[in-house]
Each structure stands twice: as C-alpha cells, then as structure tokens.
Amino acid sequence: MSGSHHGEGLQRRTLLIVLVLNVLLFVMLGLGGLFAESSALLANAADNGSDAIVYLISFLAVGRAMAWKRGAARLSGIMLLVFAAGVLIDVGRRWIVGTEPVGWTMMGLAVIAAVVNLICLMLIRRQGGDDVNMRAAETFSFNDFASNGGILVAGGLVMALNQAWPDLLVGLIVAAIALKGGLDILKDARGVANKGQAQ
C-alpha cells in the first residue's frame, strides 16, 4: 500500500511540475506569437494552454477510480481535438487577411520551448507505469516537442524567404499533430474501458 501511495505521490509531483512549466510556456509563446504575428507560435501557445488544463485534470485523477481516470483521459483527447479545430480556423484567417511573422522571434522561442518540453517529457517517461493519464501526458509533451522543431524550421524559412507561408504551414502541421494525439488518447481510453469490461 505504501508503495502505491509513493507512486501516486511521484505522479502528482511530476504532473504539478509539468503543469507549471506548460502555464509558463503558454504565457511566453502567446505573447511571443502576438508580437511576432506568428500563427505557429500562437498554435503552440494554445497547445500548451490546453495541455496545462489537461495536466490539472490528470493531477486530480491520480489515486482515483479507473472510471474517473478514463473520463479524464477522454476529456483530454476531446480538448486536443477542439484545440486543433481552433488552430485551423486561425491559420485560415491569417491566410485570408495576411500576416508578417518575425522569423528570429519564432526561432528563439522555439528553442526555449523545446528545452522545456524535453524536460517535461523526461520527467513523465521516468514515471513509466501503465496509467492512461500519464500516457496522455507523454503524448502531449512529445507533440509539443515535435511542434517546437517545426517552428524552428519555419522561423528559418520565414527569414530566408521573407514569406509567411512556412509559418502557416507549421500551424497546420501543429493542428494535425494535435488531431492525431487527440484521437490516439481517445483510442487508448476506449481500449482501457474495453479491457476493464472484459475483466
């Protein structure tokens, strides 16, 4: 029993750390995205904001019944799908009205965010285990890390080509990554539910 409580304590501590880090990234990338007129940065900021809410839900789910955990994981997946839809709308709007992203700001913030997300990913993977919410948290951190790499490349292309399309393209890619992550989490939660019913 004490080992179980110890594991839950480590999960709570890990989720609390990544929650705080994602809130900080949300603020930093959001302000940077507004300043740089970058759809990719704003998409990443929104992603980190939704992640922070999901980490809070997962934090509250630690130690609770499996049904509660499955519900939290489902909500996490749905939020990612909603986020993806919001990013697609923003990219479409910027494509129509035009935008002038600042490449060096995109690159600088992408590097900082990549380091923070890598730390989050390492902390979560250190937990291991077979918890559906920890797997969802790992999916979020990996998606964010991949998105940061895309923003870094897009920032370089924006500077080299003096064009906005790389920023918009990465915004679309971030939305696609979020869409896949959301569907994966929902599939994982459904698999856990089916496994529980079979038992």
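Residue numbers (numbering that gives the first Met the number 0): 0 to 198. We put the beta carbon where it would ideally sit given N, CA and C, even for glycine. Computed from a predicted structure; not experimentally measured.
Residue 172 and residue 146 have their C-alpha atoms spaced approximately 8 Å apart.
For residue 114, the enclosing alpha helix (DSSP H) starts and ends at 102-126. Ranked by Cα distance from residue 135, the first of 29, 55, 32 and 39 is 55. Remark: C-beta atoms of residue 170 and residue 86 approach each other more closely than 7 Å.
The C-alpha of residue 66 is placed about 34 Å away from the C-alpha of residue 114.
In the structure shown, the three-state DSSP call for residue 163 is coil. In the DSSP annotation of this structure, residue 61 is not part of any alpha helix (DSSP H), being labelled neither H nor E. Around the beta carbon of residue 17, 16 or more other beta carbons lie within 10 angstroms, which makes this residue buried. Ranked by how close their Cα comes to the Cα of residue 139, the residues 94, 61 and 182 have 182 in first place. Take the alpha-carbon of residue 164 and the one of residue 153: they are about 9 Å apart. Its chain contains 25 as the residues whose beta carbon lies nearer than 6 Å to that of residue 48, once the 5 sequence neighbours on both sides are disregarded; these appear in chain order. Inter-residue distance for residue 70 and residue 189 is about 10 Å (C-alpha atoms, whole angstroms).
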